[in-house]
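Presented below is the structure to which this report refers.
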Amino acid sequence: MSQEPSDNPGEPLPILVLNGPNLNALGTRQPDVYGSATLADIVELAERTAADLGLGIRAAQTNHEGQMIDWVHEARGQASGIVINPGGWTHTSVALADALVVPEVPVVEVHISNVAAREPFRHFSYVSPIASAVIAGCGIQGYEFAVRRLASLISHR
Ligand SMILES: O=C1C[C@@](O)(C(=O)O)C[C@@H](O)[C@@H]1O
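If you read the sequence shown in the working numbering, its first letter stands for residue 2, the second for the next number, and so on.
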């Protein structure tokens with residue numbers, strides 16, 4: 002994902018919508034847990050929600066932790082906030098949590114499923130302590146809520 006300096010000076014910086022490992026398989030991955038919507042549906046919903054609020058998004062998904070960390074670093078000065086579903090890294094990655102404070106923008110953590118109602122290893126998140134908000138168990142609508150919450154946080158900065 003290239004991160005060019007803002008093309009339109011004066012325009013609000015975009016919101017970064019980041020999805021971690023295995024979320025590219027949404028639609029076919031455990032539909033009983035994650036539903037039938039795809040990653041493309043999520044991006045479309047986030048785009049539409051942001052557009053309603055006069056904002057743009059940049060969306061990206063990766064299965065590679067170093068790539069995700071690089072994108073988070075590149076958000077510094079290039080994005081107004083981050084919506085992130087860290088997938089399994091939620092429960093394992095000190096490195097991703099450390100990276101997410103680098104851009105100094107609000108972060109909203111999203112989980113499609115209600116992680117608190119699942120296996121005990123999903124109850125702990127390295128990301129939640131640095132997130133401005135955590136949304137779980139709302140299905141893909143959680144991304145809409147996350148974009149709306151970020152827009153309100155950004156407008157108050
Ligand atoms: O990959 C995922 C998806 C998830 O973040 C969710 O969106 O519900 C929950 C995580 O525990 C899991 O590893």
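Even glycine gets a Cβ: it sits at the ideal position worked out from N, Cα and C.
In this text, all values refer to a predicted model and were calculated from it rather than measured experimentally.
Member of the options whose CA lies at the smallest distance from the CA of residue i
| i | options | result |
| --- | --- | --- |
| A163 | G138, P22, R158 and Q31 | Lying before the first or after the last residue shown, residue 163 is absent from the chain, which here runs from 2 to 158. |
| I85 | D33, R123 and L24 | L24 |
| S114 | A132, P87, E66 and R149 | P87 |
| D42 | E145, M69, R150 and L151 | E145 |
| H92 | L154, Y35, G67 and S126 | S126 |
| Q68 | P22, Q31, G55 and R77 | P22 |
| R77 | P32, R123, P15 and A132 | P15 |
| Y35 | L151, A152 and Q142 | Q142 |
| L52 | P13, P32, A96 and Q31 | Checking the displayed sequence, the identity of residue 52 turns out to be Ala instead of Leu. Of the listed residues, the one whose Cα sits closest to A52 is P13. |
Alpha carbon of residue i to alpha carbon of residue j, nearest angstrom
| i | j | result |
| --- | --- | --- |
| V109 | L19 | 10 Å |
| T39 | A26 | 7 Å |
| V148 | H112 | 13 Å |
| T63 | G89 | 12 Å |
| E75 | S37 | 32 Å |
| P107 | L46 | 20 Å |
| L154 | A98 | 20 Å |
| P104 | T29 | 33 Å |
| I58 | S94 | 25 Å |
| L17 | A80 | 6 Å |
Residue i: first and last residue of the uninterrupted alpha helix (DSSP H) it sits in
| i | result |
| --- | --- |
| V95 | V95 to L101 |
| Q142 | Q142 to S156 |
| H112 | It is not in any alpha helix (DSSP H) - H112 instead sits in the beta strand (DSSP E) that spans V108 to H112. |
| I43 | L40 to D53 |
Boundaries (first-last residue) of the beta strand (DSSP E) holding residue i
| i | result |
| --- | --- |
| Q31 | Segment: none, Q31 is in no beta strand (DSSP E) and carries neither H nor E. |
| V135 | A134 to A137 |
| G67 | Taken as a continuous stretch (DSSP letters only), G67 belongs to no beta strand (DSSP E), being part of the alpha helix (DSSP H) at E66 to E75. |
| G89 | Taken as a continuous stretch (DSSP letters only), G89 belongs to no beta strand (DSSP E), as it is neither H nor E. |
| N20 | I16 to N20 |
Let me have the residue list for ligand 1: C-beta closer than 7 Å to any non-hydrogen atom, ordered along the chain.
-> For ligand 1, the selected residues are G21, P22, N23, L24, Y35, N86, P87, G88, G89, T91, H92, V111, H112, I113, S114, V116, R119, R123 and A137.
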